[in-house]
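Only one structure is covered here, and it is reproduced in the block below.
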Amino acid sequence: MTLKYDNNGLIPVIVQDVHTKEVLTLAYMNEESLALTLAEKRTVFYSRSRKCLWRKGETSGNVQRVVSIKADCDGDALVVAVDKDGPACHTGNESCFFNDIYMDEGVTDFCLYSLYTLLLGRKSDPKEGSYTSYLFAKGIDKILKKVGEECTEVIIAGTKRDKEETVFELADLVYHCLVLMVESGISLDDVKNELAKRHIVDHKVKQETMK
Numbered sequence: 017m018t019l020k021y022d023n024n025g026l027i028p029v030i031v032q033d034v035h036t037k038e039v040l041t042l043a044y045m046n047e048e049s050l051a052l053t054l055a056e057k058r059t060v061f062y063s064r065s066r067k068c069l070w071r072k073g074e075t076s077g078n079v080q081r082v083v084s085i086k087a088d089c090d091g092d093a094l095v096v097a098v099d100k101d102g103p104a105c106h107t108g109n110e111s112c113f114f115n116d117i118y119m120d121e122g123v124t125d126f127c128l129y130s131l132y133t134l135l136l137g138r139k140s141d142p143k144e145g146s147y148t149s150y151l152f153a154k155g156i157d158k159i160l161k162k163v164g165e166e167c168t169e170v171i172i173a174g175t176k177r178d179k180e181e182t183v184f185e186l187a188d189l190v191y192h193c194l195v196l197m198v199e200s201g202i203s204l205d206d207v208k209n210e211l212a213k214r215h216i217v218d219h220k221v222k223q224e225t226m227k
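Counting in the numbering used here, the sequence shown runs from 17 upward without gaps.
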């Protein structure tokens, strides 16, 4: 496909987190920066203000590794999916789009990947008063203790067949398991890929492996 650059030789680029699907930033590329992006497998943009090329993360360390690049139907805009190291925004926010203009109160914007990313931030950049940062500060023993406690709470709620309470306790368990994953360097994709290669519906894989 032939790409269409504007009169300044630029094409707008929407950068998206490959895991959370969150839009991270809007930047621009020219033919040279796109070629470098393809060659280096990391985002290289053109700065309209400085009038020069710049590699994302060159000074901050927040590199964006390119997973895919797609053009729109007219070939005059790109979407680049990335696996990023650290925040995308110079303000320290995960995304440059953090100023709410309008939000339908009836819509809940949530996904596990977003929560996981938030937990990563609480570990790398602890926040005073944050329960999550407190858990990371206490370390693996405290986190494992909380996972064990939440497992027990799920069992108690499930035994009572109380749906509302079971959902509440499951949410607590999932949260603490995600904290454990972050502490242990385990990603959501690690777990997803493990499940994908199992026939989990019909076989007790773990028990069979242990025999």
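For each residue, glycine too, the CB sits at the ideal point set by N, CA and C.
Residue nearest to residue i in terms of C-alpha spacing, selected from the options
i: G25; options: C105, C127, S49 and S203; result: S49
i: K139; options: D120, C127, I159 and F126; result: I159
i: N78; options: A55, E185 and G137; result: G137
i: C105; options: D92, L42, G155 and A55; result: L42
i: K67; options: G145, Y44, E56 and R58; result: Y44
i: K57; options: D116, D99, T175 and F126; result: D99
i: H35; options: G91, P28, R81 and M17; result: R81
i: K162; options: Y147, K176, I27 and E38; result: Y147
i: C127; options: N209, L194, L211 and E74; result: L194
i: D22; options: D92, G155, K179 and V96; result: D92
i: L69; options: L196, S76 and N46; result: N46
i: E199; options: D178, A212 and G155; result: G155
i: E74; options: G102, L94 and V95; result: G102
i: T107; options: A97, D120, Y118 and S76; result: S76
i: K72; options: L94, E144 and L40; result: L40
i: L94; options: N115, K179 and Q32; result: Q32
i: V96; options: I172, L211 and V29; result: V29
i: D90; options: D178, D116, M17 and K179; result: M17
For residue i, three-class secondary structure by DSSP
i: T41; result: strand
i: V79; result: coil
i: R178; result: Going by the sequence as given, residue 178 is Asp instead of Arg. Of the three classes helix, strand and coil, the one that applies to D178 here is coil, per DSSP.
i: W63; result: Sequence check: residue 63 is Ser here, not Trp. If DSSP states are grouped into helix, strand and coil, S63 belongs with the strands.
i: V198; result: helix
i: Y21; result: coil
i: D155; result: Rather than Asp, the amino acid found at residue 155 in this sequence is Gly. Note: G155 maps to coil in three-state DSSP.
i: K208; result: helix
i: K57; result: coil
i: E74; result: coil
i: S149; result: helix
Residues sharing a beta bridge with residue i, DSSP
i: R214; result: In the DSSP output, where bridge partners are listed per residue, R214 has none listed.
i: K69; result: It should be noted that the sequence gives Leu, not Lys, for residue 69. L69 is bridged to Y62.
i: Y33; result: Rather than Tyr, the amino acid found at residue 33 in this sequence is Asp. V98.
i: I27; result: M45
Which runs of the alpha helix (DSSP H) at least 4 residues long sit entirely within the stretch 83-146? Give them in chain order. Correct list: 128-140.
Can you confirm whether the stretch 51-63 touches the stretch 142-155 when touching is taken to mean that 3 or more C-beta pairs between the two stretches lie within less than 8 Å? The stretch 142-155 makes no contact with the stretch 51-63: fewer than 3 CB pairs, one atom from each, lie closer than 8 Å.
Touching by the beta-carbon criterion (3+ pairs, under 8 Å), the stretch 103-117 and the stretch 85-93: No, the stretch 103-117 is not in contact with the stretch 85-93.
Are the stretch 56-69 and the stretch 124-133 in contact at 8 Å, needing three or more beta carbon pairs? No, the stretch 56-69 is not in contact with the stretch 124-133.
Okay, do the stretch 175-186 and the stretch 200-210 touch, 3+ Cβ pairs below 8 Å being the bar? The stretch 175-186 vs the stretch 200-210: no contact.
Does the stretch 189-198 come within contact of the stretch 162-172, defined as at least 3 CB pairs closer than 8 Å? Under the 8 Å Cβ criterion, the stretch 189-198 counts as touching the stretch 162-172, having at least three qualifying pairs.
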